[in-house]
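For reference, the structure discussed in these notes is given below.
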Amino acid sequence: MKFAATVIFFAFAYINLAHSKSLKNYYANSVTEYKGQRKPLASPMANGIHDSSYTRSKRQIPQAIQDLQDLLTNTKKDCAKELGFGSSVNDKTLLYEENPTPQEKCLMACILRKVNLMDKNNRLSVDTIARIAGSVSQNNELVISVAVATANNCNNLISTNHPCEAAAQINKCIGGALKANKLKLFY
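Per mature numbering (1 follows the signal peptide of the UniProt record, and there is no 0): the sequence shown = residues -20 to -1, 1 to 167.
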């Protein structure tokens, strides 16, 4: 009797093991077809078949940020023409430039002035920063207050009255704040 119970136990264990392996293999085959590629964000359903109504969506850039980016890009082109730069400067990202040339610093000053980010005292315009933060965040008071505080901190770091040098310092501060907040803007 004890021997029969042991045989039945092992028979059931074997059947369960075989059954679980086949389910694992079935599930694994539905996932391994993505080997070497990015796996989809949707997880396989219980039967191992992906939901056919699932589609990947691209992250959309808010329209206010896209409008600001377009303004910066167009202003950079206009300033480059005014200052006599070639078209190659349009390919260079000035916002994150570590060691800008004196000409690039003056190009930064032109851009910042035309988009009203630098005021007549060669400081970062806190009012413009507040307005931009409001339009980008649908007037979220927390976002606006953080942006204003960051702008005030940037102004405290500016150590010159020369417009081109001040623009480079503003540029460095803005670039650092954008990186810290994982925002992608460039000019």
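Glycine included, C-beta positions come from ideal geometry on N, C-alpha and C.
Taking the beta carbon of threonine 73 as the centre, do at least 16 other beta carbons fall within 10 Å, making it buried, or is it exposed? One-based indexing of the sequence shown puts residue 73 at position 93. So threonine 73 ends up on the exposed side.
Tell me, please, whether the stretch 67 to 83 touches the stretch 126 to 134 by the rule of three or more beta-carbon pairs shorter than 8 angstroms. no
According to DSSP, what are the bridge partners of methionine 88? Numbered from 1 along the sequence shown, position 108 holds the residue referred to as residue 88. Beta-bridge pairing links methionine 88 to no other residue.
Between the C-alpha atoms of lysine 159 and cysteine 90, what's the straight-line distance to the nearest angstrom? Stepping through the sequence shown from its first residue, residue 159 is reached at position 179. Stepping through the sequence shown from its first residue, residue 90 is reached at position 110. So the alpha carbons of these two residues sit roughly 23 angstroms apart.
Residues near histidine 142 by beta carbon distance below 8 angstroms, same chain, minus five either side: Locating residue 142 in the sequence shown gives position 162, where the first residue counts as 1. Correct list, in chain order: Asn102.
Kindly list the residues whose CB is nearer than 7 angstroms to the CB of leucine 92, restricted to its own chain and excluding five residues on each side of it in sequence; keep chain order. By one-based count along the sequence shown, residue 92 stands at place 112. Excluding sequence neighbours, leucine 92 sits near Met98, Ala147 and Ile150.
Reference threonine 108, options Leu48, Gln43 and Pro42, closest by Cα: As a position in the sequence shown, residue 108 is number 128, starting the count at 1. Cα-wise, what sits closest to threonine 108 is Leu48.
For residue 173, is the classification buried or exposed, using 16 other Cβ atoms within 10 angstroms of its Cβ as the cut-off for buried? Residue coverage of the chain in this structure runs from -20 to 167, which leaves residue 173 outside it and unanswerable.
With a CB to CB cut of under 6 angstroms and the five nearest residues on each side skipped, what residues in its chain are close to serine 117? Counting from 1 along the sequence shown, the entry for residue 117 is found at position 137. For serine 117, where only same-chain residues beyond five positions count, the Cβ hits under 6 angstroms are Val123.
Supposed close pair leucine 75, leucine 165 - CB separation, criterion 8 angstroms: As a first step, residue 75 must be located in the sequence shown, where it is residue number 95. As a first step, residue 165 must be located in the sequence shown, where it is residue number 185. Indeed they touch by this definition, with Cβ atoms about 7 angstroms apart.
If you draw a straight line from the C-alpha of lysine 152 to the C-alpha of tyrosine 167, how long is it? Numbered from its first residue, the sequence shown carries residue 152 at position 172. Numbered from its first residue, the sequence shown carries residue 167 at position 187. If you take the alpha carbons of lysine 152 and tyrosine 167, they lie about 13 angstroms apart.
Run of the alpha helix (DSSP H) containing aspartate 107, from where it starts to where it stops: By one-based count along the sequence shown, residue 107 stands at place 127. Counting along the chain, the alpha helix (DSSP H) containing aspartate 107 begins and ends at 106 to 116.
Are valine 95 and leucine 51 closer than 8 angstroms when you measure CB to CB? On the sequence shown, residue 95 is found 115 positions in, with the first residue counted as 1. On the sequence shown, residue 51 is found 71 positions in, with the first residue counted as 1. Against a cut-off of 8 angstroms, the Cβ pair of leucine 51 and valine 95 comes out as a contact.
So, for alanine 113: in the same chain, excluding its five sequence neighbours on each side, which residues have a beta-carbon less than 7 angstroms away from its beta-carbon? Indexing the sequence shown from 1 puts residue 113 at position 133. Excluding positions up to five away in sequence, the list reads Val123, Ile124 and Ala127.
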